[in-house]
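Visitor: Below: one structure in structure tokens.
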Amino acid sequence: MTEPNMKVNLAGVELKNPVVVASGTFGFGREYGQFYDLSELGGICVKGLTAQRREGNPAPRIAETPMGILNSVGLQNPGVDAFIAEELPFLRQYDVKVIANISGNTPEEYGEMCEKLSAAGVDMIEVNISCPNVKAGGLAYGTKPELAAEVTHMAKSHSTVPVMVKLSPNVTDITEIARAVSDAGADALSLINTLRGMRIDINTRRPILKMNTGGLSGPAVLPVAVRMVWEVAQAVNLPILGMGGVAKSDDAAQLMLAGATAVAVGTACFADPYTPVKVRDGLKELAHKQGLESITQLTGGVRPW
Amino acid sequence: MTVQQRCTIVEAVQLPSGGVSMTFQSHGMAAQIAGPGQFVHVRCGEGLLLRRPISICSWSVEGDLIRMVFEARGEGTAWLAQRQVGEELDVLGPLGHGFQMEPQGRYLLVGGGIGVPPMLGCAKHTGEHNTAILGFRSKDNAMLVEEFATCCESVRVATDDGSMGHHGFVDALVREELERNPGYTAVLACGPKPMLRSVAKVAESFGVPCKVSMEERMGCGVGACLVCACKSADGHQKHVCKDGPVFDSKEVAWDDRT
Chain A
107 MTEPNMKVNL
117 AGVELKNPVV
127 VASGTFGFGR
137 EYGQFYDLSE
147 LGGICVKGLT
157 AQRREGNPAP
167 RIAETPMGIL
177 NSVGLQNPGV
187 DAFIAEELPF
197 LRQYDVKVIA
207 NISGNTPEEY
217 GEMCEKLSAA
227 GVDMIEVNIS
237 CPNVKAGGLA
247 YGTKPELAAE
257 VTHMAKSHST
267 VPVMVKLSPN
277 VTDITEIARA
287 VSDAGADALS
297 LINTLRGMRI
307 DINTRRPILK
317 MNTGGLSGPA
327 VLPVAVRMVW
337 EVAQAVNLPI
347 LGMGGVAKSD
357 DAAQLMLAGA
367 TAVAVGTACF
377 ADPYTPVKVR
387 DGLKELAHKQ
397 GLESITQLTG
407 GVRPW
Chain B
1445 MTVQQRCTIV
1455 EAVQLPSGGV
1465 SMTFQSHGMA
1475 AQIAGPGQFV
1485 HVRCGEGLLL
1495 RRPISICSWS
1505 VEGDLIRMVF
1515 EARGEGTAWL
1525 AQRQVGEELD
1535 VLGPLGHGFQ
1545 MEPQGRYLLV
1555 GGGIGVPPML
1565 GCAKHTGEHN
1575 TAILGFRSKD
1585 NAMLVEEFAT
1595 CCESVRVATD
1605 DGSMGHHGFV
1615 DALVREELER
1625 NPGYTAVLAC
1635 GPKPMLRSVA
1645 KVAESFGVPC
1655 KVSMEERMGC
1665 GVGACLVCAC
1675 KSADGHQKHV
1685 CKDGPVFDSK
1695 EVAWDDRT
């Protein structure tokens, strides 16, 4: 039997395989590039960028929870200009799609960053309207349909590359935001961002995180991600980059069956840097075992009761 | 080049202090160690998502061995403490930037509590003219003192409760030592942040360079996730895992309370 085709098309961006690494867990690729060739990956969502350099939140910024972690990094990054000058040329040495993740304080800031990044030649822009760890922008845009639409429209009108909007799970009905973003012209959706959470030291009575609360990721959130991808896939006709707790290929397959075109691996890299490569190999094996010609045959293939 | 290996434990010893000394076959990691003060990032069971950063206590390139000395502080290190000879550990390393030491240098090595083990690496992997000042809560918590005595010119101990050596903190002994002999190449220290702050202050008042090994809750251990932030004096955030754990004391924003 011939090898299954692993290529997927995410809003016109062809990924050589459906495994991407999630923004904020992979820096700009330099560190994990010491472990394996970054060209093995389908795509890299880079650390969230802002118009200006940001130092982020005070430490501690991480807390371990049952099958998960909380983080409150707060979008520490060198700023979009430094990314374009210093990090993008490094990533361009590899045969991998570069997806620039951006957060703005105003819709105009999103627009300005999209212009710069489009001109610099990134393959795709992921618009973050769902960071739970910053006061301005971030989550505020992701929980109100009108604001989400406004930011999406601004990003689209200033981009020459496909625009993917990253949705927050911290809402009552994620399909409402998904529809608003879709109507405003988004090319793709990515979900889910982290769920807001908290952990308290019972002896000191202090939260572990200096910011008190943070975003939950890891295997604990996988079922939430699968459910939300499934709901969004039925609500809008846009390709989805599914993420949330993927640690093995079976997890990735669940997200794809729920409706994702591609999947992102994040937190799992901290325990095992090779996770994205293992997920890719596992998906290929699964496709082979199930007699699929193409991995795309998983997408939306769930048979709900 | 950073490596991930499955490493077999060849020695696991309970120390009288309650700590554990564990040595593993390193599959070439030992040969990659640039100097004392680096760490390994160890997977602690399947249920815990985060590895635990453990400082390298000492190592042998010839024997391809890495030794770590740690205490069971939480779930992860408790799991690690129970591992037996012959079991395998999932280890990433060596990671981070350690202490840069000149072979002919003369160092004042200061360790506090679980910050003591990496200082033994400093003592063992340089000349014999170093002085060690070790701080513990009490005599019962004292560890590795005899080993320091075999490779240092002198060893002084301070305990919080006075049950062993000087009654009080290490910075008083650091001051005494520098008054007696200001000719140290540098003061190298590892321990709790308040201890490092006061040791750095003393060293700076004598004009002796001071390097400190910092600690922070860590995620990836390689510099990708940015959680182990340590504010530097210029206002920028550095990261303990990649930029450190060893920093020049003047690089650190000591009064940062945010």
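Those protein sequences? They're chains A and B, same order as listed.
Going by this note's numbering, the first sequence opens with residue 107, and the numbers climb by one from there.
Going by this note's numbering, the second sequence opens with residue 1445, and the numbers climb by one from there.
Where is the CB? At the ideal position from N, CA and C, for every residue including glycine.
Only a predicted model underlies this, so the values are computations on that prediction, with no experimental measurement involved.
1. One question on the structure: do valine 269 of chain A and valine 233 of chain A come within less than 8 Å of each other, judged by their Cβ atoms?
2. The beta strand (DSSP E) spanning isoleucine 1442 of chain B covers which residue range?
3. For glutamine 1526 of chain B, count the other beta carbons within 10 Å of its own beta carbon; 16 or more makes it buried, fewer makes it exposed. Which is it?
4. Apart from the five residues on each side of it in sequence, which residues of its chain come closer than 7 Å, Cβ to Cβ, to threonine 1702 of chain B?
5. Going by C-alpha distance, which of B:Gly1520, B:Gln1528, B:Leu1524, B:Pro1538 is nearest aspartate 1508 of chain B?
6. Could you check how far apart the C-beta atoms of valine 267 of chain A and isoleucine 231 of chain A are, in whole angstroms? I think they sit under 8 Å.
7. Check distances from the C-beta atoms of the region 1460–1488 of chain B to those of chain A and list, in chain order, the residues that come in under 8 Å.
8. My understanding is that glycine 133 of chain A touches leucine 144 of chain A, with C-beta atoms under 8 Å, so please give their C-beta distance in whole angstroms.
9. Do three or more CB pairs link the region 274–285 of chain A to the region 249–262 of chain A at distances below 8 Å?
10. Taking Cβ-Cβ distances shorter than 9 Å, what residues in chain A pair up with glutamate 1532 of chain B?
11. Going by the CB atoms, is the gap between phenylalanine 1468 of chain B and threonine 1451 of chain B shorter than 8 Å?
12. Look up glutamine 1526 of chain B in the DSSP assignment and say whether it is helix, strand or coil.
13. Report all residues from its chain with a CB closer than 7 Å to the CB of proline 110 of chain A; omit the five preceding and five following residues, and keep chain order.
14. Around the Cβ of aspartate 357 of chain A, are there at least 16 other Cβ atoms within 10 angstroms (buried) or fewer (exposed)?
15. If you drop the 5 nearest sequence neighbours on each side, which residues of the same chain put their C-beta closer than 6 Å to that of lysine 250 of chain A?
16. When burial is assigned at 16 or more other CB atoms within 10 Å of the CB, is histidine 1485 of chain B buried or exposed?
17. Closest to threonine 1629 of chain B by CA distance: which of B:Phe1543, B:Cys1685, B:Gly1667, B:Glu1519 is it?
18. Within 10 angstroms of its Cβ, does arginine 167 of chain A collect 16 or more other Cβ (buried), or is it exposed?
19. Which stretch, first to last residue, makes up the alpha helix (DSSP H) that contains glutamine 1475 of chain B?
20. Assign glycine 1651 of chain B to one of three DSSP states: helix, strand, or coil.
21. Give the residues of chain A in contact with glutamate 1660 of chain B, contact being defined as C-beta atoms less than 8 Å apart.
22. Have a look at alanine 1553 of chain B and glycine 1579 of chain B and give me their C-alpha separation to the nearest angstrom.
23. Among residues of its own chain, excluding the 5 on either side of glutamine 1458 of chain B, which ones have a beta-carbon nearer than 7 Å to its beta-carbon?
24. Give me the Cβ distance between valine 352 of chain A and valine 369 of chain A, rounded to the nearest whole Å; I'm assuming they're in contact under 8 Å.
25. When the Cα of serine 1499 of chain B is compared with those of B:Ala1593, B:Arg1619, B:Cys1566, B:Val1631, which residue comes out closest?
26. Which residue spans inside the region 178–247 of chain A form an unbroken beta strand (DSSP E) run of at least 3?
Guide: So, from the listed chains and residues:
1. yes
2. One cannot answer for residue 1442 of chain B here, as it falls past the ends of chain B, which runs 1445 to 1702.
3. exposed
4. With a pLDDT of only 43 at threonine 1702 of chain B, under 50, the local geometry of the prediction cannot be trusted, and the value read off the model is given with reservation. Answer for threonine 1702 of chain B: no residue qualifies.
5. B:Pro1538
6. 6 Å
7. Arg1487
8. Incorrect: roughly 11 Å between the Cβ atoms, too far for contact.
9. yes
10. Going along chain A, no residue has its Cβ under 9 Å from glutamate 1532 of chain B, so there is no contact; the nearest lies around 15 Å.
11. Inspection of the sequence shows that residue 1451 of chain B is occupied by cysteine rather than by threonine. Yes, they are a contact pair.
12. coil
13. Lys390, Ala393, His394, Leu398, Glu399, Ser400, Ile401
14. buried
15. none
16. buried
17. B:Phe1543
18. buried
19. The amino acid occupying residue 1475 of chain B in the given sequence is alanine; glutamine does not appear at that position. Element bounds for alanine 1475 of chain B: 1473–1476.
20. coil
21. Ala165, Pro166
22. The residue asked about is misnamed: residue 1553 of chain B is leucine in this sequence, not alanine. Rounded to the nearest angstrom, the two C-alpha atoms are 11 Å apart.
23. Val1464
24. 6 Å
25. B:Cys1566
26. 203–208, 230–234
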